[in-house]
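Novice: Below are the structure tokens for one structure; questions will follow.
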Amino acid sequence: MALEVRGVIAPGKDEPVRVETIVVPDPGPGEAVVRVRTCGVCHTDLHYKQGGISDDYPFLLGHEAAGVVELVGEGVTEVAPGDFVILNWRAVCGRCRACLRGRPQYCFSTHNARQRMTLKDGTELSPALGIGAFAEATLVAAGQCTKVDPEASPAAAGLLGCGVMAGIGSAINTGGVGRGDSVAVIGCGGVGGAAVLGSRLAGAARIIAVDIDERKLATARQLGATHTVNSAQTDAVDAIRELTGGFGADVVIDAVGRPETYRQAFYARDLAGTVVLVGVPTPEMRIELPLLDVFGRGGALKSSWYGDCLPSRDFPMLVDLYRQGRLDLDAFVSETIALDGIEAAFDRMHAGDVLRSVVVL
Numbered sequence: 001m002a003l004e005v006r007g008v009i010a011p012g013k014d015e016p017v018r019v020e021t022i023v024v025p026d027p028g029p030g031e032a033v034v035r036v037r038t039c040g041v042c043h044t045d046l047h048y049k050q051g052g053i054s055d056d057y058p059f060l061l062g063h064e065a066a067g068v069v070e071l072v073g074e075g076v077t078e079v080a081p082g083d084f085v086i087l088n089w090r091a092v093c094g095r096c097r098a099c100l101r102g103r104p105q106y107c108f109s110t111h112n113a114r115q116r117m118t119l120k121d122g123t124e125l126s127p128a129l130g131i132g133a134f135a136e137a138t139l140v141a142a143g144q145c146t147k148v149d150p151e152a153s154p155a156a157a158g159l160l161g162c163g164v165m166a167g168i169g170s171a172i173n174t175g176g177v178g179r180g181d182s183v184a185v186i187g188c189g190g191v192g193g194a195a196v197l198g199s200r201l202a203g204a205a206r207i208i209a210v211d212i213d214e215r216k217l218a219t220a221r222q223l224g225a226t227h228t229v230n231s232a233q234t235d236a237v238d239a240i241r242e243l244t245g246g247f248g249a250d251v252v253i254d255a256v257g258r259p260e261t262y263r264q265a266f267y268a269r270d271l272a273g274t275v276v277l278v279g280v281p282t283p284e285m286r287i288e289l290p291l292l293d294v295f296g297r298g299g300a301l302k303s304s305w306y307g308d309c310l311p312s313r314d315f316p317m318l319v320d321l322y323r324q325g326r327l328d329l330d331a332f333v334s335e336t337i338a339l340d341g342i343e344a345a346f347d348r349m350h351a352g353d354v355l356r357s358v359v360v361l
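With the UniProt record's numbering applied, the sequence shown covers 1 to 361.
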């Protein structure tokens, strides 16, 4: 029997979000219904609201979530009712050329639930990143559920579902940060802060946090940055070079995703160093670099999509580190709010007042 729950929708471009009654169907084959316990407020949800991702309104927002499996459909074996799970937006297929080559973190055929959730009048909803977790319950593909230690704080664990995993993964998985490396992170919001934390976890010797907001730089120091640079006051490239003996950092992570920050990352890395783009650009952005510099500096220019994570591998491991006190996920939870507080949370996020507002249900 279908569930009727409260959920937050974006009805149209730049229109205020509102709480509506959402109809969640019984799970079909390969699907699961999850009772949402927490969901972080992410920039991606704001992009959906603003029309920056698609115009398939109305959207059911929310995707950075943890909850408990309530029902599963036919053929589901990976999770069962009662399991505490983190939701992810990349259920791997196991059959595409990436999966068959043993690289499921790059799966080229990820999928979501086939059925649509609706409003009471039957209007179909587009769930953000195939999740739609600003709701008391949501329908997902079973492969989007990753079972983790139920003793973990849902507010903290759920953040691994998107931004924190993207940042940690950009350092460890994509950037390959290792013991003794120097790392610079440009942009120290939620994703950049997580990249700092991931670099510390990987054993980097020098972690340089770059931002224009002293509040974010202070948080980056708490998360493990050894040095900070306010790029509104000094040239970021010069500062990073000065802090690395004149050479540049081994790995530079652009967690902003703008042409000017990418250029900073490119020139702030050492010869044969690595640039990682994890900040999400908008479609109109362009960058121009001298091809000779691309050739002459060597190294690697990489993009990190979801931190190149494999949820089934990475989520349980990171939750275990959190439970051991070795990974401070709680530091990212700036505040907890109710479903009707999301519009105001977007404003605080845009102003840089929070790392993450987390909806608690």
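Note that beta-carbon positions come from the ideal geometry of N, C-alpha and C, so glycine has one too.
Computed from a prediction, not measured in an experiment: that's the story for all the values here.
Identify, in the order they occur along the chain, each residue of the same chain with its Cβ nearer than 7 angstroms to the Cβ of Ala-141, setting aside the five sequence neighbours on each side.
Specialist: In the sequence shown, the residue the question calls residue 141 occupies position 141. Within the same chain, Ala-141 has close Cβ partners Gly-30, Glu-31, Ala-91, His-111, Asn-112 and Ala-113.
Novice: Would you call the region 157–167 in contact with the region 11–27, where contact means no fewer than 3 C-beta pairs closer than 8 angstroms?
Specialist: No: fewer than three Cβ pairs fall under 8 angstroms.
Novice: Name, in chain order, the residues that DSSP records as bridge partners for Pro-127.
Specialist: Indexing the sequence shown from 1 puts residue 127 at position 127. Leu-60, per the DSSP bridge assignment.
Novice: Going by beta-carbon coordinates alone, are Leu-217 and Cys-188 separated by less than 8 angstroms?
Specialist: Along the sequence shown, one-based indexing puts residue 217 at 217. Along the sequence shown, one-based indexing puts residue 188 at 188. Yes.
Novice: By DSSP's criteria, Phe-84 is part of a beta bridge. Which residues make up the other side?
Specialist: Position 84 of the sequence shown holds residue 84. Beta-bridge pairing links Phe-84 to Val-68.
Novice: In the DSSP assignment, what are the bridge partners of Cys-182?
Specialist: Within the sequence shown, residue 182 is the residue found at index 182, counting from 1. For clarity, residue 182 is Ser in the given sequence; the question names Cys instead. Looking at the DSSP assignment, Ser-182 forms a beta bridge with Arg-206.
Novice: Tell me whether Val-278 sits in a helix, a strand or coil according to DSSP, three-state version.
Specialist: What you label residue 278 is simply residue 278 of the sequence shown in a count that begins at 1. Three-state result, Val-278: coil.
Novice: In three-state DSSP terms, what is Ala-345?
Specialist: For the purposes of this step, residue 345 is taken as the residue at position 345 of the sequence shown. Three-state result, Ala-345: helix.
Novice: Tyr-322 and Ala-209 - do their beta-carbons sit closer together than 8 angstroms?
Specialist: Numbered from its first residue, the sequence shown carries residue 209 at position 209. Numbered from its first residue, the sequence shown carries residue 322 at position 322. Not a contact, by the Cβ cut-off of 8 angstroms.
Novice: State the Cα-Cα distance for the pair Met-318 and Gly-273, rounded to the nearest angstrom.
Specialist: The count along the sequence shown starts at 1 and reaches residue 318 at position 318. The count along the sequence shown starts at 1 and reaches residue 273 at position 273. In the sequence under discussion, the amino acid at residue 318 is Leu, which differs from the Met named in the question. Roughly 27 angstroms separates the two Cα atoms.
Novice: Can at least three beta-carbon pairs, one atom from the region 298–315 and one from the region 177–184, be found at a separation below 8 angstroms?
Specialist: No, because fewer than three Cβ pairs between the region 298–315 and the region 177–184 fall closer than 8 angstroms, the two stretches do not touch.
Novice: Please report how far the alpha carbon of Ala-344 lies from the alpha carbon of Val-8, in whole angstroms.
Specialist: Numbered from its first residue, the sequence shown carries residue 344 at position 344. Numbered from its first residue, the sequence shown carries residue 8 at position 8. Ala-344 and Val-8: Cα-Cα distance of roughly 13 angstroms.
Novice: Would you mind reading off the limits of the alpha helix (DSSP H) that contains Ile-240?
Specialist: Here residue 240 is taken as the residue at index 240 of the sequence shown, counted from 1. Note, Ile-240: alpha helix (DSSP H), 236–243.
Novice: Taking Ala-82 as the reference, which of Lys-147, Cys-42 and Ile-172 has the closest Cα?
Specialist: Along the sequence shown, one-based indexing puts residue 82 at 82. It should be pointed out that residue 82 corresponds to Gly in this sequence rather than to Ala. Closest by alpha carbon: Lys-147.
Novice: Decide if the region 291–307 is in contact with the region 264–279; the criterion is three or more beta carbon pairs, one per stretch, under 8 angstroms apart.
Specialist: Touching, per the Cβ criterion.
Novice: Identify which residue in Gln-105, Arg-95, Asp-149 and Leu-60 has its Cα closest to the Cα of Met-117.
Specialist: If you number the sequence shown from 1, residue 117 lands on position 117. Of Gln-105, Arg-95, Asp-149 and Leu-60, the residue nearest in Cα terms is Leu-60.
Novice: Please state if the CB of Val-41 and the CB of Arg-356 are separated by a distance shorter than 8 angstroms.
Specialist: Within the sequence shown, numbered from 1, the residue matching residue 356 stands at position 356. Within the sequence shown, numbered from 1, the residue matching residue 41 stands at position 41. In contact: Arg-356 and Val-41 (Cβ atoms closer than 8 angstroms).
Novice: Inspect the beta-carbon positions of Gly-257 and Val-280 and report whether they are closer than 8 angstroms.
Specialist: On the sequence shown, residue 257 is found 257 positions in, with the first residue counted as 1. On the sequence shown, residue 280 is found 280 positions in, with the first residue counted as 1. Yes, the Cβ-Cβ distance between Gly-257 and Val-280 is below 8 angstroms.
Novice: Taking Cβ to Cβ, would you say Ile-207 is nearer than 8 angstroms to Gly-224?
Specialist: Numbered from its first residue, the sequence shown carries residue 207 at position 207. Numbered from its first residue, the sequence shown carries residue 224 at position 224. Contact flag set, yes.
Novice: Grouping DSSP H, G and I as helix and E and B as strand, with all else coil, what is Cys-39?
Specialist: Position 39 of the sequence shown holds residue 39. In the structure shown, Cys-39 sits in a strand (DSSP, three-state: E or B).
Novice: Could you check the C-alpha separation between Ala-338 and Gly-132 for me, to the nearest Å?
Specialist: Looking up residue 338 in the sequence shown gives position 338. Looking up residue 132 in the sequence shown gives position 132. Distance between the alpha carbons of Ala-338 and Gly-132: 16 angstroms.
Novice: Check Ala-255 in the structure and name its three-state DSSP category.
Specialist: On the sequence shown, residue 255 is found 255 positions in, with the first residue counted as 1. Three-state result, Ala-255: coil.
Novice: Residue range of the beta strand (DSSP E) that Cys-145 falls in?
Specialist: Walking along the sequence shown from the start, residue 145 turns up at place 145. Run containing Cys-145: 145–147, per the beta strand (DSSP E) assignment.
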